[in-house]
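FYI, the numbering for the sequence shown is -47 to -1, 1 to 67, going by mature numbering (1 follows the signal peptide of the UniProt record, and there is no 0). C-beta: ideal position from N, C-alpha, C; glycine also.
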Amino acid sequence: TTPPHSTPATARARSRPTTTAMAMRKEVLLAAMMLALVVAAPGGARAACEMGQLTVCMPAITTGAKPSGACCANLRAQQACFCEYAKDPSLGAYIRSPHASETLVSCGLAVPHC
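Right, here's the structure in full:
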């Protein structure tokens, strides 16, 4: 049942994602793509490029928070993917994120120059 002073329409409205929530989801996806771009391979074998592994880095990339151990481990695992993504015209701009370089340095990784 619906609470007093609440109609089924307002209950549905509360359960729908807000425009702000949808925008945040979009930002998280874009930040994950950006992270994949910022990680450079020092050479050698390629790792599987899975941007989804970088979602644990969202607080660091979007707010400048200190990256977690899981974030740093996933960044290390994705290093070989950077230059491939950097060549993509639709993704290359994400390299210039204000917090992306800070996150890499905080994880002890070199900022790439592809």
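VAL58 versus GLY17: straight-line alpha-carbon distance, rounded: Approximately 12 Å, taken between the alpha carbons.
Which residue comes first and which comes last in the alpha helix (DSSP H) that contains CYS67? Unbroken run through CYS67: none, as it is neither H nor E.
My assumption, with CB atoms under 8 Å, is that residue 69 sits in contact with CYS36. Please give the rounded CB distance. It is not possible to answer for residue 69, since the shown part of the chain is limited to -47 through 67.
Between GLN31 and GLN6, what straight-line distance do the alpha-carbon atoms span, to the nearest angstrom? Taking the CA atoms as reference points, GLN31 sits about 8 Å from GLN6.
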